[in-house]
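Visitor: Residue numbers (this note's numbering): 4 to 369. Heads up, the beta-carbon is just placed ideally off N, CA and C, and yes, glycines get one too. I am attaching a structure below and will ask some questions about it afterwards.
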């Protein structure tokens, strides 16, 4: 990738540790441009950004640091998109504290999607939450909507997987370098995103480790790249609420998947609904809100697999469609013997109609 001289100094300045967006733009109000910062590194005006940041900046004013940065971009197949470049996402350009530079692996066009939704939620998602994230993402992606999330465990992971299952586009916004696999178990998922024409993007250069302080600010990028945000599950204090707050500050629409009043992970979604967020029961609630697709364009529904069940199996599945139950509770409701109940459960799990949760409970999906 070739960069103009102005872009090179801009990218260098934005990659210096301790020079976040605010200090970066503060420097540009003092000096003419990023090259001027390089040329006047010992000017006392540099000290306006604080002694620690100024010391790091002066240390980074080294041709070896400069060339190592661009060598790392090339070796990791990373593109740096400076805010002064025409490919910088238009919507991100409008938020407070836009990243001076985006470090990207993958398809840059996916950052400028006409239709994009952020999907966020708890890292400790329930079975229903994971299913909702995957189905919303799949159905939105099937209608050409780009899914933006953070590649974190839980809801984020299933949102990306849902988009990929529809051969759709998805963007992962990272709190580390775009070449760093985090969490490690999502390394394969990250590669799948790239293989399907999506992108891994960060405001941090290659090699940046996933330190905790990098993750809250990255959420403004998730909401900034999209027309709206969908919250699936979040307990009080959840990191997903940071994205929600950024979306509100940016004037973006907020959609929420309602949940049980007894579930801690539904506490914040249900509260946001009380405060005026848009309820979303399926992807069409979002698609029709933006007039991105018409519900009449859906394919004809497939035959309901539950219609083929034996009477005892139907009696077993029906209560599990509305709540999660234990083996003993199912035996009491159905009146089946333990052996017969176990046989039916095994058969229905193999058919994908019932799932067994990590806690040893059962749930059915139609």
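1) The beta strand (DSSP E) spanning residue 162 covers which residue range?
2) How many angstroms separate the CA atom of residue 18 from the CA atom of residue 216?
3) Would a C-beta distance cut-off of 8 Å place residue 315 and residue 99 closer than the cut-off?
4) Just list the beta strand (DSSP E) runs in the segment 159-244, keeping only unbroken ones of 3 residues or longer that don't cross its boundaries, in chain order.
5) Let's test the definition: count the other Cβ atoms within 10 Å of the Cβ of residue 230 and tell me whether it reaches 16, buried, or not, exposed.
6) Can you tell me the Cβ-Cβ gap for residue 154 and residue 193, rounded? I've got them flagged as a contact below 8 Å.
7) To which residues of the same chain is residue 300 closer than 6 Å at the C-beta, ignoring the five residues directly before and after it?
8) Alpha carbon to alpha carbon, what distance is there between residue 25 and residue 244?
9) Please classify residue 293: is it buried, with 16 or more other beta-carbons within 10 angstroms of its beta-carbon, or exposed?
10) Please check if any C-beta of chain B sits within less than 8 Å of the C-beta of residue 121.
11) Are the segment 71-91 and the segment 263-271 touching by the rule of at least three beta carbon pairs closer than 8 Å?
12) Ignore the nearest five residues each way along the sequence and tell me which others in residue 329's own chain have a CB closer than 8 Å to its CB.
13) Exposed or buried, which one is residue 5 when buried takes at least 16 other CB atoms within 10 Å?
14) With DSSP collapsed to three states, give me the class of residue 123.
15) Under 8 Å between the Cβ atoms of residue 103 and residue 224?
16) Roughly how many angstroms lie between the CA atoms of residue 22 and residue 295, to the nearest whole one?
17) Please state the DSSP three-state secondary structure of residue 103.
18) Helix, strand or coil: how does DSSP classify residue 52 here?
19) From 242, 236, 282 and 268, pick the residue whose C-alpha is nearest to that of residue 257; which is it?
20) Hey, residue 135 and residue 150 are a contact pair by Cβ (cut 8 Å); roughly how many whole angstroms apart?
21) Does the count of Cβ pairs from the segment 168-184 and the segment 195-206 closer than 8 Å reach three?
22) Leaving out the 5 sequence neighbours to the left and right, which residues in its chain are closer than 6 Å to residue 79 when beta-carbon positions are compared?
23) In the DSSP output, which residue or residues are listed as bridge partners for residue 258?
24) With distances taken from CA atoms, which of 145, 127 and 358 is nearest residue 286?
25) Pull up the CB-CB distance for residue 228 and residue 95, whole angstroms please, since I reckon it's below 8 Å.
26) For residue 199, which residues of its own chain have a beta-carbon under 6 Å away from its beta-carbon, when the five flanking residues on both sides are left out?
27) Cα separation between residue 120 and residue 114?
28) Got a sec, what are the start and stop residues for the alpha helix (DSSP H) residue 320 sits in?
Guide: So, from the data block:
1) Along the chain shown, read from residue 1 onward, the residue named residue 162 stands at position 159. That residue, residue 162, is in no beta strand (DSSP E); its alpha helix (DSSP H) goes 158-168.
2) Indexing the chain shown from 1 puts residue 18 at position 15. Indexing the chain shown from 1 puts residue 216 at position 213. Looking at the two C-alpha atoms, the distance is approximately 16 Å.
3) Taking the chain shown and counting its residues from 1, the one referred to as residue 315 is at position 312. Taking the chain shown and counting its residues from 1, the one referred to as residue 99 is at position 96. Inclusion of residue 315 and residue 99 in the CB contact set at 8 Å is not warranted, their separation being larger than that value.
4) 173-176, 202-205 and 231-234, all fully within the segment 159-244.
5) Position 227 of the chain shown, counting from 1, holds the residue named residue 230. Counting Cβ neighbours within 10 Å, residue 230 comes out buried, since at least 16 surround it.
6) As a position in the chain shown, residue 154 is number 151, starting the count at 1. As a position in the chain shown, residue 193 is number 190, starting the count at 1. Going by Cβ atoms, the distance from residue 154 to residue 193 rounds to 6 Å, so yes, they are a contact pair.
7) Counting from one through the chain shown, the residue named residue 300 turns up at place 297. Caution is warranted here: a pLDDT of 48 is assigned to residue 300, below 50, making its placement in the model unreliable, and no coordinate value can be reported.
8) If you number the chain shown from 1, residue 244 lands on position 241. If you number the chain shown from 1, residue 25 lands on position 22. Going by the C-alpha atoms only, they are around 23 Å apart.
9) To locate residue 293, count along the chain shown from 1; it is residue 290. Exposed: under 16 other Cβ atoms inside 10 Å.
10) This model lacks chain B altogether, as it is built from one protein chain only.
11) In this structure the segment 71-91 does not lie against the segment 263-271, because fewer than three pairs of beta carbons, one per stretch, are closer than 8 Å.
12) In the chain shown, residue 329 corresponds to position 326, counting from 1. If you ignore the 5 residues before and after residue 329, its C-beta comes within less than 8 Å of the C-beta of 363, 364 and 365, all in its own chain and listed in chain order.
13) As a position in the chain shown, residue 5 is number 2, starting the count at 1. Residue burial is scored here from C-beta neighbours: residue 5 has fewer than 16 other C-beta atoms within 10 angstroms and is therefore classed as exposed.
14) Counting from 1 along the chain shown, the entry for residue 123 is found at position 120. Residue state, collapsed to three classes: strand.
15) Taking the chain shown and counting its residues from 1, the one referred to as residue 103 is at position 100. Taking the chain shown and counting its residues from 1, the one referred to as residue 224 is at position 221. Cβ atoms of residue 103 and residue 224: not closer than 8 Å.
16) Walking along the chain shown from the start, residue 22 turns up at place 19. Walking along the chain shown from the start, residue 295 turns up at place 292. CA-to-CA, the gap between residue 22 and residue 295 works out to about 39 Å.
17) The residue given as residue 103 occupies position 100 in the chain shown. In the three-state reduction of the DSSP assignment, residue 103 falls in the coil class, being assigned neither a helical nor a strand state.
18) Counting from one through the chain shown, the residue named residue 52 turns up at place 49. Reduced to three states, the DSSP call for residue 52 is helix.
19) The sequence position of residue 257 within the chain shown is 254, counting from 1. The shortest Cα separation from residue 257 among 242, 236, 282 and 268 belongs to 282.
20) Reading the chain shown from its first residue, position 132 is the one you call residue 135. Reading the chain shown from its first residue, position 147 is the one you call residue 150. Between residue 135 and residue 150, the beta carbon gap of about 13 Å keeps them out of contact (Cβ cut-off 8 Å).
21) Yes: the two stretches touch, three or more of their Cβ pairs being nearer than 8 Å.
22) Residue 79 sits at position 76 when you count from the first residue of the chain shown. Hits under 6 Å: 182 and 209.
23) Counting from one through the chain shown, the residue named residue 258 turns up at place 255. Partner(s): 233 and 281.
24) If you number the chain shown from 1, residue 286 lands on position 283. Answer by Cα proximity: 145.
25) Sequence index remark: in the chain shown, residue 228 carries index 225 (1-based). Sequence index remark: in the chain shown, residue 95 carries index 92 (1-based). About 6 Å; that satisfies the 8 Å criterion.
26) Stepping through the chain shown from its first residue, residue 199 is reached at position 196. In its chain, beyond the 5 residues on either side, 167 have a beta carbon closer than 6 Å to the beta carbon of residue 199.
27) Within the chain shown, the letter at position 117 stands for residue 120. Within the chain shown, the letter at position 111 stands for residue 114. Each residue's Cα considered, the two are about 11 Å apart.
28) By one-based count along the chain shown, residue 320 stands at place 317. Boundaries of the alpha helix (DSSP H) harbouring residue 320: 314-323, taken from the DSSP string.
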